[in-house]
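**Student:**
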Ligand SMILES: [Fe+2]
Ligand SMILES: [Fe+2]
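Chains as they are written, first to last, in our numbering: chain A, 1 to 315; chain B, 1001 to 1094.
1) Excluding the 5 residues preceding and the 5 following residue 240 of chain A in the sequence, name in chain order all residues of the same chain whose CB lies nearer than 6 Å to its CB.
2) Can you find a C-beta in chain B that's less than 9 Å from the C-beta of residue 309 of chain A?
3) Could you tell me which chain B residues have their CB closer than 9 Å to the CB of residue 120 of chain A, listed as they occur along the chain?
4) Between which two residues does the beta strand (DSSP E) harbouring residue 1026 of chain B extend?
5) Check distances from the C-beta atoms of the stretch 20–32 of chain A to those of chain B and list, in chain order, the residues that come in under 7 Å.
6) Measure the CB-CB distance between residue 85 of chain A and residue 149 of chain A and report whether it falls below 9 Å.
7) Should the stretch 8–24 of chain A be regarded as contacting the stretch 140–149 of chain A, the criterion being three or more beta carbon pairs within less than 8 Å?
8) Residue 299 of chain A versus chain B: which residues are under 9 Å apart at the beta carbon?
9) Mapping DSSP to helix, strand and coil, what is residue 106 of chain A?
10) Hey, out of A:67, A:112, A:25, A:81, whose CA is closest to residue 152 of chain A's CA?
11) Looking only at its chain, what residues have a beta carbon closer than 6 Å to the beta carbon of residue 1003 of chain B, apart from the 5 residues adjacent to it on each side?
12) Since residue 164 of chain A and residue 125 of chain A should fall inside the 8 Å C-beta cutoff, what is the C-beta to C-beta distance between them, to a whole number of angstroms?
13) For residue 252 of chain A and residue 1046 of chain B, I'd like the C-alpha separation in whole angstroms.
14) Using alpha carbons as the reference points, say which of B:1041, B:1074, B:1006 lies closest to residue 1031 of chain B.
15) Which residue spans inside the stretch 130–197 of chain A form an unbroken alpha helix (DSSP H) run of at least 4?
16) Ordered along the chain, which non-local residues of its own chain (more than five positions away) have a Cβ less than 7 Å from that of residue 259 of chain A?
17) Just to confirm, does residue 132 of chain A get its C-beta within under 8 Å of one of the non-hydrogen atoms of ligand 1?
18) So does residue 71 of chain A have its beta carbon nearer than 8 Å to some heavy atom of ligand 2?
19) Just how far apart, CA to CA, sit residue 287 of chain A and residue 9 of chain A?
20) With DSSP as the reference, identify every bridge partner of residue 251 of chain A, one or two as the case may be.
21) What whole-angstrom Cβ distance do residue 128 of chain A and residue 190 of chain A have, given they're in contact under 8 Å?
22) For residue 112 of chain A, which of A:33, A:34, A:282, A:261 has the nearest alpha-carbon?
23) Are the C-beta of residue 303 of chain A and some C-beta of chain B separated by less than 9 Å?
24) Is the beta carbon of residue 197 of chain A closer than 9 Å to that of residue 133 of chain A?
25) Does the Cβ of residue 1044 of chain B have 16 or more other Cβ atoms within 10 Å, making it buried, or fewer, making it exposed?
26) Just to make sure I have the definition right: I need the residues of chain A whose C-beta is within less than 7 Å of the C-beta of residue 1025 of chain B. Which are they?
27) Any chance you could list the beta strand (DSSP E) runs of at least 3 consecutive residues sitting entirely within the stretch 1008–1092 of chain B, in chain order?
28) Give the residues of chain B in contact with residue 77 of chain A, contact being defined as C-beta atoms less than 9 Å apart.
29) Hey, is residue 1041 of chain B close to ligand 1, as in C-beta under 8 Å from one of its heavy atoms?
In structure tokens:
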């Protein structure tokens, strides 16, 4: 069969919502796009543990500490599900980690912002996990089987993340004035970066069209962003707090909230490595990897020793 | 740079009486570590009562390109299905 025929067959399957599995024929560009997207997603889960890990030892109660610990552990699991899904496309874990550590692979820019106060953990759960869920729910139907299955698993675990975050903010919002101020300040700092999590505007996102056709993506960046803003604008009312956007207003005609201008300059600055914590995050990842080297080697040596012992007993 | 640990496929029985089902994969130095990691990664919320791990390199798979010829013969053997046989509607318990 010619490549053209194979491509037609492939697109036909995608159009009929038949999942593509690792050993099926797929266009090289589809494979590459998926590897980039899934590995980026995996890196985001792993780097995403850092800002929150910052508060585990300083959580205000045992209950909050246990919940945060469980959430961060979940994120490690999400990273693993996604790395495994990417590996089915023929890239090794080693290569992906190398790309993260040498800076050629990206991860979500949101994690390059610092967690300055306890309320930030609430804001991250509500807004950052909230935005992630908005992105991930449609990905449960993405065309590549292993990615879709990983996303189903991830989404099942995410809802507790968002709820624990919102509960933190809710508690603070009913607290004293200083606690309320801390909650508002966290929302002020995390709101816009969360809105930017959906990526560049549709007309500046050249790959969207192809990704939609391949059903790697099911909604455009702007569609998801609007949905997120609509939902949050209502949820924030339960906190008696404000989203930091003077232009946020319900638009009866559109059936959506209008919102203010996004600072795309800041977005590109952070993407290109100049966010407040880019260097710190990468350094932390590299350090963890390098310092774990002896553990990985020791585990291999131990496994080999056990195997040798077993064969000696058998002989 | 150290090479990756071997890859393992993980199968979990979610409930007594059900089959083990493939849930994903992970890297581990040996089978015991693979089971321990599978427990931490795939059963944090009581998703399973039993875990199997198989090193991925030991799995042999059919080729998806052969699917048509491999499963096609089954297509025209409708008489393997109960609905193929025409019986009176009044007949019960069959
Ligand atoms: Fe996650
Ligand atoms: Fe999460």
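Just so it is clear, CB atoms sit at the ideal spot from N, CA and C, and this is done for glycine as well. Just so you know, these numbers come straight off a predicted model, no measurement behind them.
**Tutor:** Quick look at the numbers:
1) 173
2) no
3) Those do not exist, as residue 120 of chain A stays about 25 Å from chain B at its closest Cβ, beyond 9 Å.
4) 1020–1027
5) 21, 23, 24
6) yes
7) yes
8) 1005, 1028, 1029, 1030, 1033
9) coil
10) A:81
11) none
12) 5 Å
13) 46 Å
14) B:1006
15) 145–173, 177–196
16) 229, 245, 247, 248
17) yes
18) yes
19) 46 Å
20) A:256
21) 7 Å
22) A:282
23) yes
24) no
25) exposed
26) 84
27) 1020–1027, 1050–1055
28) 1040, 1041, 1042, 1044
29) no
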